[in-house]
Amino acid sequence: MPAPAPTGPLVTRGALAAGLRALGVRDGETLLVHSSLRSLGWVCGGAVAVVQGLLDALGPDGTLVVPTQTADLSDPALWQDPPVPEEWWPTIRNAMPPYDPATTPSRGVGVVPETVRTWPGALRSAHPQTSFAAVGPRAAEVVSGHAADCRLGERSPLATLERTGARVLLLGAGYGSCTAFHLAEYRIPSSLVEVGRPGPYGWERVTEVSITSDRFDELGHDFERDRPVVRGTVGAADARLFPVADAVAYAERWLALHRPRD
Numbered sequence: 000m001p002a003p004a005p006t007g008p009l010v011t012r013g014a015l016a017a018g019l020r021a022l023g024v025r026d027g028e029t030l031l032v033h034s035s036l037r038s039l040g041w042v043c044g045g046a047v048a049v050v051q052g053l054l055d056a057l058g059p060d061g062t063l064v065v066p067t068q069t070a071d072l073s074d075p076a077l078w079q080d081p082p083v084p085e086e087w088w089p090t091i092r093n094a095m096p097p098y099d100p101a102t103t104p105s106r107g108v109g110v111v112p113e114t115v116r117t118w119p120g121a122l123r124s125a126h127p128q129t130s131f132a133a134v135g136p137r138a139a140e141v142v143s144g145h146a147a148d149c150r151l152g153e154r155s156p157l158a159t160l161e162r163t164g165a166r167v168l169l170l171g172a173g174y175g176s177c178t179a180f181h182l183a184e185y186r187i188p189s190s191l192v193e194v195g196r197p198g199p200y201g202w203e204r205v206t207e208v209s210i211t212s213d214r215f216d217e218l219g220h221d222f223e224r225d226r227p228v229v230r231g232t233v234g235a236a237d238a239r240l241f242p243v244a245d246a247v248a249y250a251e252r253w254l255a256l257h258r259p260r261d
């Protein structure tokens, strides 16, 4: 059976850059991007063209940041999609390769972040499960100092992005993907959880703040209602643009009220 014909719109690198500028992406800024390639339409050049378009819109003085998370570097006892047999768990824990910023692929965040991760000059943060990658003049500043026991808190790139006035771009992605909201979880009373993962000297466990994207879509709806969020379309994708600091401040109040700790 022949493959189905592609559906449009046809989107090019130049069209993406123009659409991003029209949305309000500024030359020289730092941008944390959550994206869905499929939502954009038929992109000529795929994820590479998307990254090129983002870098074109940001210009040579801008910095592109993406999540490059590795949720598979976790305790197999918690895996659900798919689960693995319990008798496999000890072997997996013993044999799983530890995180290497240079070689460990991202997982579950899409093809655009993985393309950024391997981009010439890209730098990546050190956390073995919730890393970020960045390209541009401020990349080293953004990704440095990501503590091994701080997934998305004060010693993560999110806090640096907040402090330096970065903005979030949701490019065909919903608020459920908005990692900036997680920084707020570290600033309200939150439960702690023991996290297992492969380490350089074998299986390790660290105590972390419990994080979840539960109700982030609802949080995003209210945030957009109450705070200035730039909305538009890039290609066929719905796009939203807003400051990291605004998102974190709003989420602190919202989560404390709507998702209190048990």
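Number 252 in numbering that gives the first Met the number 0 belongs to position 253 of the sequence shown; there are no gaps in the numbering. C-beta: ideal position from N, C-alpha, C; glycine also.
Are the beta-carbon atoms belonging to residue i and residue j less than 9 Å from one another?
i: ARG166; j: PHE241; result: yes
i: TYR174; j: HIS220; result: yes
i: LEU169; j: SER176; result: yes
i: LEU182; j: ALA147; result: no
i: VAL111; j: ARG123; result: no
i: SER209; j: SER189; result: yes
i: VAL192; j: GLU203; result: no
i: GLY152; j: TYR98; result: no
i: GLY52; j: ALA14; result: yes
i: ASP26; j: GLY135; result: no
i: THR69; j: ARG137; result: no
For the alpha helix (DSSP H) holding residue i, just list the boundary residues, first then last.
i: LEU63; result: It is not in any alpha helix (DSSP H) - LEU63 instead sits in the beta strand (DSSP E) that spans 62 to 66.
i: VAL50; result: 45 to 57
i: LEU15; result: 12 to 22
i: THR159; result: 156 to 162
i: TRP88; result: 88 to 94
i: ASP237; result: Where ASP237 is concerned, there is no enclosing alpha helix (DSSP H), although the beta strand (DSSP E) it sits in stretches over 236 to 242.
i: ALA101; result: That residue, ALA101, is in no alpha helix (DSSP H); it is neither H nor E in DSSP.
i: GLU85; result: Per DSSP, GLU85 belongs to no alpha helix (DSSP H) and is neither H nor E.
i: GLU140; result: 138 to 142
If residue i sits next to residue j, beta carbons under 8 Å apart, how far is it from one beta carbon to the other, in whole angstroms?
i: ALA132; j: THR67; result: 5 Å
i: LEU22; j: VAL205; result: With a Cβ gap of about 39 Å, LEU22 and VAL205 do not count as contacting.
i: LEU39; j: VAL49; result: 7 Å
i: ALA56; j: ARG20; result: 5 Å
i: VAL64; j: LEU31; result: 5 Å
i: ARG258; j: ARG214; result: 6 Å
i: PHE180; j: ALA255; result: With a Cβ gap of about 13 Å, PHE180 and ALA255 do not count as contacting.
At which residues does the beta strand (DSSP E) containing residue i begin and terminate?
i: THR114; result: Note, THR114: premise wrong, no beta strand (DSSP E); alpha helix (DSSP H) at 110 to 116.
i: LEU30; result: 29 to 34
i: VAL134; result: 131 to 134
Might you give, ordered along the chain, the residues of its own chain that have their beta carbon closer than 7 Å to the beta carbon of residue i, omitting 5 neighbours on each side?
i: GLY109; result: SER34, SER35, LEU36
i: ASP237; result: GLY171
i: ARG116; result: THR67, SER105, ARG123, ALA132
i: PRO199; result: PRO97
Apart from the five residues just before and just after residue i, which ones in its own chain have a Cβ nearer than 6 Å to its Cβ?
i: ARG270; result: An answer regarding residue 270 cannot be provided, because it is not within the stretch 0 to 261 covered by the chain.
i: ASP74; result: GLY195
i: ALA76; result: TRP88
i: SER155; result: HIS145, CYS149
i: ILE275; result: The question about residue 275 has no answer here: the residues shown for the chain are numbered 0 through 261.
i: SER130; result: THR67, ARG123, SER124
i: MET95; result: PRO197
i: CYS43; result: THR11
i: VAL243; result: LEU160, GLU161, ALA165, VAL167, ALA179
i: ALA16; result: GLY52, ASP55, ALA56
Excluding the 5 residues preceding and the 5 following residue i in the sequence, name in chain order all residues of the same chain whose CB lies nearer than 8 Å to its CB.
i: GLU113; result: ALA46, THR67, PRO104, SER105
i: ASP216; result: GLY173, TYR174, GLY175
i: VAL228; result: PHE222, ARG239, LEU240, PHE241
i: GLU140; result: THR159, THR163
i: ASN93; result: GLY201, TRP202
i: VAL5; result: What sits at residue 5 in the sequence shown is Pro, not Val. Closer than 8 Å at Cβ, skipping near neighbours: TRP41.
- Within the region 156 to 233, ranges of the alpha helix (DSSP H) (whole runs, at least 4 residues): 156 to 162, 179 to 184, 215 to 225
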